[in-house]
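Novice:
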Amino acid sequence: LSSVAWASDADYDVRLVQDCCYDPDRDAHEALLRSGFGGRVQVV
Numbered sequence: 050l051s052s053v054a055w056a057s058d059a060d061y062d063v064r065l066v067q068d069c070c071y072d073p074d075r076d077a078h079e080a081l082l083r084s085g086f087g088g089r090v091q092v093v
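Written out as structure tokens, the structure is:
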């Protein structure tokens, strides 16, 4: 999450590969991916 926030704040065009991400909190993981981290990234 911190890497996504930093890159987005630095005006990078961020794409997140869904299959390469993991969070032990499954509900939080799914919510962040569904929302595109609050609209900061494009989830692919």
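Counting from 50, one number per residue, gives the positions in the sequence shown under our numbering.
Don't be surprised by glycine CBs; every beta carbon is placed ideally from N, CA and C.
(1) What are the boundary residues of the alpha helix (DSSP H) that includes Leu82?
(2) In angstroms, rounded to a whole number, what distance separates the CA positions of Asp68 and Glu79?
(3) Going by DSSP, name the residue or residues bridged to Leu65.
(4) Report all residues from its chain with a CB closer than 6 Å to the CB of Phe86; omit the five preceding and five following residues, and keep chain order.
Specialist: According to the structure shown:
(1) Note, Leu82: alpha helix (DSSP H), Arg75 to Gly88.
(2) Using only the alpha carbons, I get a separation of about 12 Å.
(3) Leu65 is bridged to Val92.
(4) Excluding positions up to five away in sequence, the list reads Val53.
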